[in-house]
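Chains P and C, in that order, are what the protein sequence lines are.
Count along the first sequence starting at 1, add 774, and that's the number in the working numbering.
Count along the second sequence starting at 1, add 761, and that's the number in the working numbering.
Just so you know, even glycine gets a beta-carbon here, dropped at the ideal spot from N, CA and C.
Since the structure is predicted, the reported quantities are computational estimates derived from the model, not experimental observations.
For reference, the structure discussed in these notes is given below.
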Amino acid sequence: MISFAGSRLRFLAEGMAAIRRSLGSATPPNGAKVRRIFPAVLLAAGLLGLTGCWDMLAVEDLGFVNLVYLDRLPNGRVVARIQVTNPSSLPTPGGGNPSGSGGGAGGGTSQAATPVYQIYGTGLNVAQALRAADLASINRLYTGHIQVLLVGEHEARTDLAEALDFFERNPKSRTIQWVYIVEPADVNRILGQLTVPSTGYPANAISNFSLHMESASNLRPVRLYQLTDVLATPERDVAIPILTLTTPARIYTIKGMALFRGPHWVGTLSVPDAAGLTWLRHQIRFQDFTVPCPFHPAQPSADLTLQTMGATLKAHPLFNTNRAGQRLLKSIDVHLFAMVRVSESPPACPVSYEKPRQHDAVSQMAAQTVLTVVSTSIEKAKRIGSDPFGFGTYVRIADPALWTRIGPSWANQIFPAVPITLHVRIRLDDTGGLYRPL
Amino acid sequence: MSGRLTGVYTRYTQVSTLQFILVLMVLVFPTEMFTLPAPLALKAGLNAPWAVLVAGLEALLPFVVGLWASQGRSAVSLYASLRLVSPPTALLLALVFVGCVWALNVLVMAEYAEIVHGFLLPRTPLAIPVFFGITLVAFMTQSTLEPIARMTEIVSVIGLPILALVFLLAMPYMDVHWVEPIWPQQPGLMLKTSILPASYLGEVVLVAVLGSHVAPGTRLLRAGIIATVFNTVILLVSLYLPLLLFGPVHTSVLSSPMLAAVRAIHYGYVLERLDTVVLPIWIVLICLKMAIVAFTGAEALVNAAGHRKTKWLPSALVGSAGIASLYEFQSLPSTIHVIGVMWSQWVFPILVVSVAAGGLALRLGEARSTRPWSTAGPRPTP
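See the structure below:
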């Protein structure tokens, strides 16, 4: 028998002795030995489950999907174009790559291979299209790392819920993936860009762009789980950014907001018109907006730049009763209050913030600007017949009984006809920034 | 007479007050948090949280019934006492009790297997998670309640803060408008719906047997109230979490709203897919629940039969329940539906009535007995 006692491997001997002790090798009675071994066997059997059983996935066999584009063809079939991470483009510890091309000292990626490769499939529905793409792929497609879901115009106009349903049901995919609409003219340009400088693959670039937009833009990108709940109820409608790629710089940007009624894309708000959305959806946060100088309102170079620090919104539906004693929605009173700081006050606009009148003049001008922006958004949305602001929610909260009656026809009939009165109040906050930059 | 019981209750089986509270909690919350939010939102919409609060009060009734039946004494189970009065009655009522807890284990095993199958291992046959569930529970029930209670203590220390953390992490994504108006709009619907959560929260009726493992001097009623309050709060958190994230309409169509809410939590690129943290803890918790339920059933039977140890009986109960669960259900929604109908409308009422009947039989036997007797015998030294 090998003995480790006295050697550097003494710890092995001690370990084995401990195991022997725990298993009771010191010739205990038969029953006691079984009693000690049985739990160990049970636990060892439990370890078998760690292999994943039928769901075992070998990482070498997987094709990691990071972007999916879905659209409906004129013949009614769904097409899925999928971007899959290209393993041969990944850096290896030695600085080369598995394909042997490119790379070099200090690491790097393949010069020849793009970070992603594309495959596509078609089918009668999303599942079939993805299955067809899966069969066309060398690797087994893994949807657990999808970062971006792009929906084409035809699919968005036909039924957005169908496009989202598959991903929401799939236990592997994340519900936090970004969702964008892509117009037909942009599809090939967006999907044709397989390499993005500095960020690597396109899905990563779009994801970074979305995070940045989420924190610093008036146009908020949306995630999958933020859509599915809204699609389930008529009290608010979905608004999804429309993604495009600028030319010739090839930078991702948002060209507008697609407004939906139920699961159907019914209209579009341009970028300036969509700015009111964030104000009314409790999403305003550290966003800049320009305000005409109170003293030179017609001079663009004198415009002030303000940054929102926070905002609160209160909406009160007002009701009246008709002759039959039936309660009716009269109007909705909206009170918007925002705290802002001055980001930039150009010399062309000589405001003395320490003087209350001039201070108030800036506040009022800011309030007027926000009022115009928000009113424009509401009017445009009314014309489209979509309520992405969620005014229906306020009506439902104020009068659930009335809502059950008017809810189904809210977006296309009631909302466009209801007068909405806006009251905006702006407070210039963060006085340390009012005079001069620190 | 008391000497016949002394072998059953050794000091090793005693659990502390805190452990007992946690055992009563683990008896309830692992199942309620995943399966109840969807049917509650479907049945009652925004009245659901109020239905849960009412259910919390209603659930005290089964607990008091269980306590009354076992005479409110620690160290002695209902069926051990009842055997002293009338062995055939004890055996008959214990069989009813075991049938009910076995049915409960079938339901719990099915729910556990469906969630593992649906969210973790969709391609793996249902029998595999059931097999591992049976294995784990069989391991847990190898000895008495006390090691299970210890395990409960350890897992609760990890699991409950994680539940609180999940709720806190989800707060930035919540929309309070989804749960307005706060006040119940339909009191009738609220009361009607409260029966479903009450049947879950009322599983603490098993105190009629579990109480025998508590250290003497423990205030069982107070422990039961604390456990029920915590169970109600956990159910409220599990309900409000998806309601605040998805609203009542979408919550009602999700197979497991709590898991869907956990999947939606994200912080930049750092924190994603928290379900992979929550699910393993939940699996251990639900296995603990099955172990407690199986052990309670086995204990009732051996007490009624006059034996001293449960031996292989809990494993047999869990094993047969696991096999039955494979043939009983098709999918998680159907399981939830069956639980809603079968458990709350049939099995749970039978369980409570059988325990109450046991208590009544015990009182009657005690009143008819001419000789003084006591079930609280002297404790042996370990």
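Within its own chain, the residues whose Cβ lies closer than 7 Å to the Cβ of P/R931, once the five positions on either side in sequence are excluded, are H1038 and W1039, listed in chain order. Against chain P, a Cβ distance below 7 Å from C/T885 picks out C827, W828 and D829. Secondary structure of P/I856 (DSSP, three-state): strand. Assignment of C/M951 by DSSP, reduced to helix, strand and coil, places it in the helix class.
Considering only beta carbons, the part of the stretch 940-963 of chain P lying closer than 7 Å to chain C consists of P945, R948, T949 and I950, in chain order. Taking a C-beta distance under 8 Å as the contact criterion, P/P889 and P/L968 qualify as a contact pair. Look at P/W952 here: in three-state DSSP terms it is strand. DSSP, reduced to helix, strand and coil, places P/N962 within a helical segment of the structure shown. In this structure, the straight-line span from the alpha carbon of P/L1043 to that of C/F991 is close to 48 Å. Excluding residues up to 5 positions away in sequence, V858, T859, Y916 and H919 lie with their Cβ nearer than 7 Å to the Cβ of P/F838 in the same chain. A distance below 6 Å between beta-carbons, with the five flanking residues on each side excluded, links P/H1197 to the following residues of its chain, in chain order: H1109. Within the same chain, Cβ atoms closer than 7 Å to the Cβ of P/G1041 are found at L1033, I1158 and S1160, the five residues on either side in sequence being excluded. Of the residues assessed, P/N962 falls on the exposed side of the cut-off, its CB having fewer than 16 other CB atoms within 10 angstroms.
With respect to chain P, the C-beta atom of C/T1096 has no partner C-beta closer than 8 Å. Here DSSP, grouped into helix, strand and coil, assigns P/Y894 to strand.
With distances taken between CA atoms, P/N840 lies nearest to P/L965 out of P/T825, P/L965, P/A901 and P/W1184. Using a Cβ-Cβ cut-off of 8 Å, C/G972 does not count as an interface residue toward chain P, since no Cβ of chain P sits closer than that to its own. Residue-level contact check: P/T917 does not touch chain C, since none of the beta carbons of chain C fall below 8 Å from its beta carbon. Proximity to C/L1000 across C/F893, C/M935 and C/G827 peaks at C/M935, based on C-alpha coordinates. Among the bridge pairs identified by DSSP, P/W1039 is matched with P/F1034.
The C-beta of C/V813 has 16 or more other C-beta atoms within 10 Å across all chains shown, which makes the residue buried. Residues of chain P with a Cβ closer than 8 Å to the Cβ of C/T1071 do not exist, since the nearest Cβ in that chain sits about 14 Å away.
Here DSSP, grouped into helix, strand and coil, assigns P/N1186 to helix. C/G1119 is the residue among C/G1119, C/E914, C/L1125 and C/S1130 whose C-alpha sits nearest the C-alpha of C/L856. The C-beta of P/L1103 comes no closer than 8 Å to any C-beta of chain C.
Under a 10 Å Cβ-count criterion, P/K1129 is classified as exposed, with fewer than 16 other Cβ atoms of the shown protein chains found around its own Cβ.
Taking each of P/Q921, P/D933, P/A959 and P/T1018 in turn and checking the Cα distance to P/N982, the smallest one comes out for P/Q921. Not a single C-beta of chain P is nearer than 8 Å to the C-beta of C/G1119. Counting only Cβ-Cβ distances below 9 Å, C/V1014 has contacts in chain P at A1006, in chain order. Of all residues in the stretch 931-951 of chain C, those with a C-beta nearer than 9 Å to a C-beta of chain P are Y934, D936, H938, W939, E941, P942 and Q946, reading in chain order. For P/A979, not one C-beta of chain C is nearer than 8 Å to its own C-beta.
Pairing C/S847 with C/G1126 gives a Cβ-Cβ distance under 8 Å.
About 7 Å separates the CB atoms of C/I923 and C/V1038; that is less than 8 Å, so the two are in contact.
Of P/Y843, P/V815 and P/V1192, the smallest CA-CA separation from P/L1017 is found for P/Y843. Inclusion of C/V862 and C/T1057 in the CB contact set at 8 Å is warranted, their separation being smaller than that value. Per the DSSP secondary-structure output, P/S1105 pairs in a beta bridge with P/L1092.
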